[in-house]
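Protein sequences, first through last, are from chains C and L.
Going by our numbering, the first sequence opens with residue 1, and the numbers climb by one from there.
Going by our numbering, the second sequence opens with residue 1001, and the numbers climb by one from there.
Notes follow once the structure below has been shown.
2 protein chains.
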Amino acid sequence: MRKILVFNNLSVDGQFSDAKGGLDWAHRDGKELAEYVQQKRGEVSTFLFGRVTFQMFASFWPTPAGKAASPYFAKVLNEGQKVVFSRTLRRTDWEHTVIQRSASPAALKKFKASAGGDCLVFGSGRLVRALAAQGLVDEYQLVINPVALGKGRPLFAPLAKRLDLGLIEAKAFKNGTVLLRYEPR
Amino acid sequence: MRKILVFNNLSVDGQFSDAKGGLDWAHRDGKELAEYVQQKRGEVSTFLFGRVTFQMFASFWPTPAGKAASPYFAKVLNEGQKVVFSRTLRRTDWEHTVIQRSASPAALKKFKASAGGDCLVFGSGRLVRALAAQGLVDEYQLVINPVALGKGRPLFAPLAKRLDLGLIEAKAFKNGTVLLRYEPR
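Printed below as a string of structure tokens:
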């Protein structure tokens, strides 16, 4: 089975993006954090996305602005294998992308059992909730940012039933973020 | 000025109670956590509540069931000074309680400047947001529980504008909870 890791910046109130989809509240200055997370993450071969996050990323990371913003992330994302789960997306220009038509429980289980390396989900609240509901997530890596947004896009709402987690690690960084690593219970 | 501390158990997704007002998901088994929090809290003279949390507490802690559930908390809450902010509550049987008719910005500022010791807010999402909006909270002590509820009562929603915080401390406990202490920025 391929491992599926969920990685997200969260506000203290559990939003993964603000009401406009923005992420400017999430700390980007955390070299210490970024290096630590990469080390905990291990080898990831494939990035998984829902449509909304995918389209946001696809319109930014391949562009000169994206490459200027972070040469490292631009390279990793542009050159990495990507899977976007979407019933409506017809095509994409972002290289190394496969469009998966279904995110049904059966399709997600089949994907997890398919050949290939470990996977990382960024953003993509609906996909995270669908994977979580089927018990297909191996680890949640949540970076709690020192801000309450008060509204936005909650990563974990709605859930049909509550998701019990086990804490693996909590680690604070100089920029005020806290990495919380959980496994499902 | 009296210090105002906000203390709450939160789920990973920022709820302070589930959709039915329940708290059974919040870890109660944390002696280690409880002792640590009490020590960080310092001397608190007065408990502040919004009406909803107050009525829930007033119907439980003075009863034999409340005293059996936690003799310590029952004693602290029953014997402590309490202030409930409510326009509608006419009277209460819970001893040592003052009803404050207004939670307007001016009334909250006046309260903070009044004579008396430091204050602690439990639950009381609307009151927390009103105090936060006026910059009257000195410290947030948030205990992140290892569960995503998926729905419930969010502590920090809605906020008219985002609340920037500074991390004071992050500490993990054996029961899987993580205490995050923040001050407003």
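All C-beta atoms, glycine included, are put in the ideal place defined by N, C-alpha and C.
All values derive from a computational prediction rather than experimental measurement.
Put residue i into one of helix, strand or coil per three-state DSSP.
i         : result
L/ALA1074 : helix
L/LEU1005 : strand
L/ARG1087 : coil
C/ARG153  : strand
C/GLU43   : coil
C/GLU79   : helix
L/GLN1055 : helix
C/ALA68   : helix
C/GLN38   : helix
C/ALA148  : strand
C/GLY166  : strand
L/LEU1159 : coil
C/VAL128  : helix
L/GLU1183 : strand
C/LYS20   : coil
L/LYS1171 : strand
C/LEU120  : strand
C/PHE111  : helix
L/LEU1142 : strand
C/LEU33   : helix
Taking just the CA atoms, how far does residue j sit from residue i?
i         : j         : result
L/ILE1144 : L/LEU1179 : 6 Å
L/GLY1125 : C/ALA26   : 24 Å
L/ARG1101 : L/PHE1085 : 6 Å
C/PHE47   : C/SER11   : 22 Å
L/THR1088 : L/GLU1169 : 38 Å
C/CYS119  : L/LYS1109 : 51 Å
C/TYR36   : C/ASN8    : 14 Å
L/SER1045 : L/GLY1021 : 26 Å
L/LYS1067 : L/GLY1117 : 25 Å
L/LYS1003 : L/LYS1161 : 23 Å
C/ILE99   : C/ALA115  : 16 Å
L/LEU1127 : L/VAL1137 : 11 Å
L/ALA1034 : C/PHE49   : 40 Å
L/LEU1165 : C/ASP13   : 12 Å
L/LEU1005 : C/VAL6    : 33 Å
L/LEU1159 : C/ARG28   : 24 Å
Near residue i, what residues of its chain come up, given a Cβ to Cβ distance below 7 Å and the 5 sequence neighbours on each side ignored?
i         : result
C/ALA58   : THR92 and TRP94
C/GLY30   : PHE173, ASN175 and THR177
C/PRO62   : ASN78 and TRP94
C/ALA19   : LYS151 and GLY152
C/MET1    : LYS112 and ALA113
L/THR1053 : PHE1122, GLY1123 and SER1124
C/ALA130  : ALA103 and LEU108
L/THR1097 : LYS1082 and VAL1084
C/GLU32   : PHE173 and LYS174
L/ALA1069 : none
L/PHE1060 : GLY1066
Run the CB neighbour count on residue i, radius 10 Å, all protein chains shown included, and call it buried at 16 or more, exposed below.
i         : result
L/GLY1135 : exposed
L/ALA1074 : buried
L/ALA1017 : The question names Ala, but residue 1017 of chain L is Ser in the sequence shown. Flag for L/SER1017 reads buried.
C/PRO105  : exposed
L/ASP1024 : exposed
L/ALA1157 : buried
L/TYR1140 : buried
C/PRO71   : exposed
L/GLY1042 : exposed
Short of 8 Å in beta carbon distance, which residues of its chain neighbour residue i, apart from the five on each side in sequence? Order them along the chain.
i         : result
C/GLN15   : LEU149, LYS151, GLY152, ARG153, PRO154 and LEU155
C/LEU167  : LEU180, ARG181 and TYR182
L/ARG1051 : VAL1084, PHE1085, SER1086, THR1088 and LEU1089
Apart from the five residues on each side of it in sequence, which residues of its chain come closer than 6 Å, Cβ to Cβ, to residue i?
i         : result
L/ALA1132 : LEU1163
L/GLN1055 : none
C/PRO146  : GLY176
Considering only heavy atoms of the ligand MN, does any lie closer than 7 Å to the CB of residue i?
i        : result
C/ALA113 : No copy of the ligand MN occurs in the structure displayed, which carries no ligand at all.
Legend entry - Chain-ordered residues of the segment 168-183 of chain C with a beta carbon less than 7 Å from chain L: ALA170, ALA172, GLY176, VAL178, LEU180 and TYR182
Inset, instruction - Quick one: which residues of the segment 144-169 of chain C get their C-beta closer than 8 Å to a C-beta of chain L? List them in chain order. - result: ILE144, PRO146, VAL147, ALA148, LEU149, GLY150, LYS151, PRO154, LEU155, PHE156, ALA157, PRO158, LEU159, ALA160, LYS161, ARG162, LEU163, ASP164, LEU165, GLY166, LEU167 and GLU169
Inset, instruction - Using a Cβ-Cβ cut-off of less than 9 Å, list which residues of the segment 1014-1027 of chain L approach chain C; keep chain order. - result: GLY1014, GLN1015, ASP1018 and TRP1025
Legend entry - the segment 127-142 of chain C: positions lying closer than 9 Å to chain L by Cβ: Closer than 9 Å at the C-beta level to chain L, one finds these residues of the segment 127-142 of chain C: ARG129, ALA132, TYR140 and LEU142.
Inset, instruction - Check distances from the C-beta atoms of the segment 1062-1080 of chain L to those of chain C and list, in chain order, the residues that come in under 7 Å. - result: none
Legend entry - chain C contacts made by the segment 1036-1055 of chain L, where a contact means CB separation under 9 Å: none
Legend entry - Contact residues within the segment 107-121 of chain C, judged by C-beta distance below 9 Å to chain L: Of all residues in the segment 107-121 of chain C, none has a Cβ within less than 9 Å of some Cβ in chain L.
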